[in-house]
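Novice: So that we are looking at the same thing, I have put the structure below in structure tokens.
Number of protein chains: 2
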Amino acid sequence: MAAAAPPPPPTPTPSPPSTVPADSTPIGHPLFSRVRLAALSDVPHIHKLIHQMAVFERLTHLFSATESSLSAYLFSSTPFQSFTVFILEVSTKPFPENSPHNYNPNYAPVVRIINSDLPVDDPEWEVFKSEDENVVVAGFVLFFPNFSTFLGKPGFYVEDIFVRECYRRKGLGKVLLSAVAKQAVKMDYGRVEWVVLDWNENAIRFYKEMGAQILPEWRICRLTGKSLEVYGDDI
Amino acid sequence: MAAAAPPPPPTPTPSPPSTVPADSTPIGHPLFSRVRLAALSDVPHIHKLIHQMAVFERLTHLFSATESSLSAYLFSSTPFQSFTVFILEVSTKPFPENSPHNYNPNYAPVVRIINSDLPVDDPEWEVFKSEDENVVVAGFVLFFPNFSTFLGKPGFYVEDIFVRECYRRKGLGKVLLSAVAKQAVKMDYGRVEWVVLDWNENAIRFYKEMGAQILPEWRICRLTGKSLEVYGDDI
Chain B
1 MAAAAPPPPP TPTPSPPSTV PADSTPIGHP LFSRVRLAAL SDVPHIHKLI HQMAVFERLT
61 HLFSATESSL SAYLFSSTPF QSFTVFILEV STKPFPENSP HNYNPNYAPV VRIINSDLPV
121 DDPEWEVFKS EDENVVVAGF VLFFPNFSTF LGKPGFYVED IFVRECYRRK GLGKVLLSAV
181 AKQAVKMDYG RVEWVVLDWN ENAIRFYKEM GAQILPEWRI CRLTGKSLEV YGDDI
Chain W
1 MAAAAPPPPP TPTPSPPSTV PADSTPIGHP LFSRVRLAAL SDVPHIHKLI HQMAVFERLT
61 HLFSATESSL SAYLFSSTPF QSFTVFILEV STKPFPENSP HNYNPNYAPV VRIINSDLPV
121 DDPEWEVFKS EDENVVVAGF VLFFPNFSTF LGKPGFYVED IFVRECYRRK GLGKVLLSAV
181 AKQAVKMDYG RVEWVVLDWN ENAIRFYKEM GAQILPEWRI CRLTGKSLEV YGDDI
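Residue numbers (the UniProt record's numbering), protein chains in the order written: chain B, 1 to 235; chain W, 1 to 235.
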């Protein structure tokens, strides 16, 4: 397919006169964001993002994922039928119209324009740069189907959602979670669920603003490590 | 395949002399239990069990599953790759060796003998009787794969585990959960997880005895109903 010209830059949204400078220059720095399905070639980036998440949560002692384990498990079935990853990318320029990601038969990427007060200084640009020019990976969300026996239909469970430090507080977490919610509605799924730490008040407020209920009474039970392995014996 | 004779009744486990009556009659009433993969023909029983669970949890207002929705979603993929149901059956006699369930290529049923103090009076025998003679459905567990990004591998999430009232307090819940744990180990999965209500002290004690950790800090977030539907609009 012939390379198409990039789309024109977005027209600034009209604002009340009092907030528009005399020369009508757009306020701030537009940041183009794109949510797309991950591909096998994204695994090195996904692995690094999961490691950053473990560092952020001070849980590196629990981190044992490898690129090969991620490659083996995350791409073995049709997207949305099992473990699925959306990649969040950003660019200071519009995304190229001829990007191969635009032709993924399973998912049309979602592009949003974020207005950033300051230009973002990304110290890891080289590590996270994408195949498309001027584009960098800023985060990811990993989710998979769950099932509500009462509803008698599936939902999505969001296992992880992560935005790199320099891209936080810009609404990009909402962009990622909204993309999962939108896909759930499209598939006539009944729920999107995830978990949050009870002391993380900022996150809880953010999730409530997105329309989520926080269920106070349920506790997670986990059987893992040696406590799980004993069940492998013929008991 | 020719019908095989049922296996001989189990030899009672030797016990210390002080607890064995002079005539060596087995104490109590042996109850044979079997955990097997559900088949499409189990859907009417599964639907009734889920409804009983909703009644028990006083959540019938949330119950909207139908037999056709369960049929559509629960049997559309290879067992263990997506939503999977184990059926718990019991019998006062050994299970027939020629049961078609013994020849399921995806799962060999697990049979355990439970010693019941009293014979079980099952008021719903007719409603829940199985295809195999003298066998009745006593419960089920519904589970599906989840994914730990830190471990870099899947686990199982147990959505529901239910034993009918007249078969409770006999260790059958443990039989069901152990079967899921054993399957997780067999598949080299890293975790089995589920949730419990924080006031359900009996259940929490039981799960801890099975080796589970209870994670105190995590809360479930849920986006459902109208709060979810708005994400279907092009926002």
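In this text, a Cβ means the ideal position worked out from N, Cα and C, and glycines have one as well.
Please name the residue, chosen from W:L197, W:Y189, W:V43 and W:W218, that lies closest to V195 of chain B on a Cα-to-Cα basis.
Specialist: Residue 195 of chain B sits at position 195 when you count from the first residue of the first sequence. It is W:W218 whose Cα lies nearest to the Cα of V195 of chain B.
Novice: Any beta carbon from chain W within less than 9 Å of R222 of chain B's own beta carbon?
Specialist: In the first sequence, the residue the question calls residue 222 of chain B occupies position 222. For R222 of chain B, the answer is yes, since a Cβ of chain W falls inside 9 Å of its Cβ.
Novice: Could you tell me the distance, in whole angstroms, from the CA atom of residue 236 of chain W to the CA atom of V175 of chain W?
Specialist: Here chain W has residues from 1 to 235 only, and residue 236 of chain W is not among them.
Novice: For S148 of chain W and chain B, any beta-carbon pair shorter than 9 Å?
Specialist: In the second sequence, residue 148 of chain W corresponds to position 148, counting from 1. It does; some Cβ of chain B falls within 9 Å.
Novice: Assuming M53 of chain W and F128 of chain W form a contact by the criterion Cβ under 8 Å, report the distance between their Cβ atoms to the nearest whole angstrom.
Specialist: In the second sequence, counting from the first residue as 1, residue 53 of chain W sits at position 53. In the second sequence, counting from the first residue as 1, residue 128 of chain W sits at position 128. The Cβ separation is near 14 Å, so there is no contact.
Novice: Can you find a CB in chain D that lies within less than 9 Å of the CB of E201 of chain B?
Specialist: The chain inventory of the structure shown lacks chain D, comprising the protein chains B and W.
Novice: Confirm, please, whether the CB-CB distance from G155 of chain W to V192 of chain W is below 9 Å.
Specialist: Taking the second sequence and counting its residues from 1, the one referred to as residue 192 of chain W is at position 192. Taking the second sequence and counting its residues from 1, the one referred to as residue 155 of chain W is at position 155. The answer is yes: Cβ separation under 9 Å.
Novice: With distances taken between CB atoms, is the gap from S68 of chain B to N134 of chain B smaller than 9 Å?
Specialist: Sequence index remark: in the first sequence, residue 68 of chain B carries index 68 (1-based). Sequence index remark: in the first sequence, residue 134 of chain B carries index 134 (1-based). Contact: no.
Novice: Is DSSP giving K170 of chain W helix, strand or coil here?
Specialist: For this step, residue 170 of chain W is matched to residue 170 along the second sequence. Of the three classes helix, strand and coil, the one that applies to K170 of chain W here is coil, per DSSP.
Novice: Name the chain B residues that come within less than 7 Å of G190 of chain W, Cβ to Cβ?
Specialist: Position 190 of the second sequence, counted from the first residue, corresponds to residue 190 of chain W. Near G190 of chain W (Cβ distances below 7 Å), the residues of chain B are T224.
Novice: Which same chain residues, not among the five before or five after L31 of chain W, have their C-beta less than 6 Å away from its C-beta?
Specialist: Position 31 of the second sequence, counted from the first residue, corresponds to residue 31 of chain W. V90, I114 and S116, listed in sequence order.
Novice: Please list, in chain order, the chain W residues whose beta carbon lies closer than 8 Å to that of I113 of chain B.
Specialist: Looking up residue 113 of chain B in the first sequence gives position 113. Ordered by position in chain W, no residue passes the 8 Å Cβ test against I113 of chain B, which lies about 14 Å from the chain.
Novice: For my contact list, F95 of chain W and D132 of chain W are in at a C-beta cut-off of 8 Å; report their separation, rounded to the angstrom.
Specialist: On the second sequence, residue 95 of chain W is found 95 positions in, with the first residue counted as 1. On the second sequence, residue 132 of chain W is found 132 positions in, with the first residue counted as 1. 7 Å between Cβ atoms; contact.
Novice: Show which residues of chain W have a CB atom less than 7 Å away from the CB atom of K186 of chain B.
Specialist: Counting from 1 along the first sequence, the entry for residue 186 of chain B is found at position 186. Per Cβ cutoff of 7 Å: G232.
Novice: Is the shortest distance between the beta-carbon of R219 of chain W and the beta-carbons of chain B less than 9 Å?
Specialist: Within the second sequence, the letter at position 219 stands for residue 219 of chain W. Chain B, which has a Cβ nearer than 9 Å to the Cβ of R219 of chain W, makes this yes.
Novice: Going by the beta-carbon positions, is the gap between L88 of chain W and L172 of chain W smaller than 9 Å?
Specialist: Position 88 of the second sequence, counted from the start, is the residue given in the question as residue 88 of chain W. Position 172 of the second sequence, counted from the start, is the residue given in the question as residue 172 of chain W. Contact: yes.
Novice: Please check if any C-beta of chain W sits within less than 9 Å of the C-beta of A108 of chain B.
Specialist: Mapped onto the first sequence, residue 108 of chain B falls at position 108. For A108 of chain B, the answer is no, since every Cβ of chain W falls outside 9 Å of its Cβ.
Novice: Note down, in chain order, every chain B residue with its Cβ under 8 Å from the Cβ of S64 of chain W.
Specialist: Taking the second sequence and counting its residues from 1, the one referred to as residue 64 of chain W is at position 64. Within chain B, the residues near S64 of chain W are F150, L151 and G152.
Novice: Give me the Cα-Cα distance between T25 of chain B and S33 of chain B, rounded to the nearest whole angstrom.
Specialist: Sequence index remark: in the first sequence, residue 25 of chain B carries index 25 (1-based). Sequence index remark: in the first sequence, residue 33 of chain B carries index 33 (1-based). Because the pLDDT of T25 of chain B is 49, which lies under 50, any placement of that residue in the model is unreliable, and the question is left without a value.
Novice: By how many angstroms is the C-alpha of A65 of chain W removed from the C-alpha of P44 of chain W?
Specialist: Counting from one through the second sequence, the residue named residue 44 of chain W turns up at place 44. Counting from one through the second sequence, the residue named residue 65 of chain W turns up at place 65. If I take the Cα positions, the gap works out to 11 Å.
Novice: When the Cα atoms are used, what is the spatial distance from S77 of chain B to K186 of chain B?
Specialist: To locate residue 77 of chain B, count along the first sequence from 1; it is residue 77. To locate residue 186 of chain B, count along the first sequence from 1; it is residue 186. Rounded to the nearest angstrom, the two C-alpha atoms are 19 Å apart.
Novice: Shorter than 9 Å from the beta carbon of I87 of chain B to some beta carbon of chain W?
Specialist: Here residue 87 of chain B refers to the residue found at position 87 when the first sequence is read from its first residue. So no, I87 of chain B is outside the interface.
Novice: Listed from N- to C-terminal order along the chain, which residues in the stretch 136-147 of chain B have their beta-carbon within a distance smaller than 8 Å of any beta-carbon of chain W?
Specialist: L142, F144, P145, N146 and F147
Novice: Using the rule of at least 16 other Cβ atoms within 10 Å of the residue's Cβ for burial, across every protein chain shown, is V55 of chain W buried or exposed?
Specialist: Position 55 of the second sequence holds residue 55 of chain W. Exposed.
Novice: Within 9 Å (strictly less), CB to CB, does G155 of chain B reach chain W?
Specialist: If you number the first sequence from 1, residue 155 of chain B lands on position 155. Using a CB distance cut-off of 9 Å, G155 of chain B counts as an interface residue toward chain W.
Novice: Can you name, in chain order, every residue of its own chain whose Cβ lies under 7 Å from the Cβ of P109 of chain B, other than the five neighbours on each side?
Specialist: Counted from its first residue, the first sequence places residue 109 of chain B at position 109. These residues qualify, in order along the chain: R34, V35, R36, H101 and N102.
Novice: Look up E124 of chain B in the DSSP assignment and say whether it is helix, strand or coil.
Specialist: Counting from 1 along the first sequence, the entry for residue 124 of chain B is found at position 124. The answer is coil: DSSP assigns E124 of chain B none of H, G, I, E or B.
Novice: In whole angstroms, what is the alpha-carbon distance linking K226 of chain W and L215 of chain B?
Specialist: For the purposes of this step, residue 226 of chain W is taken as residue 226 along the second sequence, with counting starting at 1. For the purposes of this step, residue 215 of chain B is taken as residue 215 along the first sequence, with counting starting at 1. Straight-line Cα distance between these residues: approximately 17 Å.
Novice: Label D160 of chain W either buried or exposed according to how many other C-beta atoms from any shown protein chain fall within 10 Å of its C-beta, with 16 as the threshold for buried.
Specialist: Translated into positions along the second sequence, residue 160 of chain W becomes position 160. So D160 of chain W ends up on the buried side.
Novice: By the 10 Å Cβ neighbour count, where 16 or more other Cβ atoms means buried, how is P123 of chain B classified, buried or exposed?
Specialist: To locate residue 123 of chain B, count along the first sequence from 1; it is residue 123. When all chains shown are included, P123 of chain B counts as exposed.
Novice: Residues of chain W with CB under 9 Å from L37 of chain B, in chain order?
Specialist: Position 37 of the first sequence, counted from the first residue, corresponds to residue 37 of chain B. Around L37 of chain B, no beta-carbon contact reaches into chain W at under 9 Å, the shortest distance being about 16 Å.
Novice: In terms of alpha-carbon separation, which member of B:E126, B:H29 and B:D188 lies closest to residue 236 of chain B?
Specialist: Given a span of 1 to 235 for chain B in the structure shown, any question on residue 236 of chain B remains unanswerable.
Novice: Measuring straight from C-alpha to C-alpha, what distance separates Y157 of chain W and G211 of chain W?
Specialist: Taking the second sequence and counting its residues from 1, the one referred to as residue 157 of chain W is at position 157. Taking the second sequence and counting its residues from 1, the one referred to as residue 211 of chain W is at position 211. In a straight line, the C-alpha of Y157 of chain W is about 16 Å away from that of G211 of chain W.
Novice: With 9 Å as the threshold, decide whether the Cβ of D23 of chain B is near any Cβ in chain W.
Specialist: Within the first sequence, residue 23 of chain B is the residue found at index 23, counting from 1. In this prediction, D23 of chain B scores a pLDDT of 42, lower than 50, which makes its location untrustworthy; no coordinate-derived value is stated.
Novice: Check each candidate in B:K208, B:V180, B:C221 and B:G232 and name the one with the smallest Cα separation from V85 of chain B.
Specialist: Residue mapping note: residue 85 of chain B aligns to position 85 of the first sequence, counting from 1. Of B:K208, B:V180, B:C221 and B:G232, the residue nearest in Cα terms is B:V180.
Novice: Tell me which same chain residues have a C-beta within less than 6 Å of the C-beta of P21 of chain B, skipping the five on either side of it?
Specialist: The sequence position of residue 21 of chain B within the first sequence is 21, counting from 1. Any answer about P21 of chain B is weak, because its pLDDT of 38 lies below 50 and its placement is not dependable; what the coordinates show is given next. No residues qualify anywhere along the chain.
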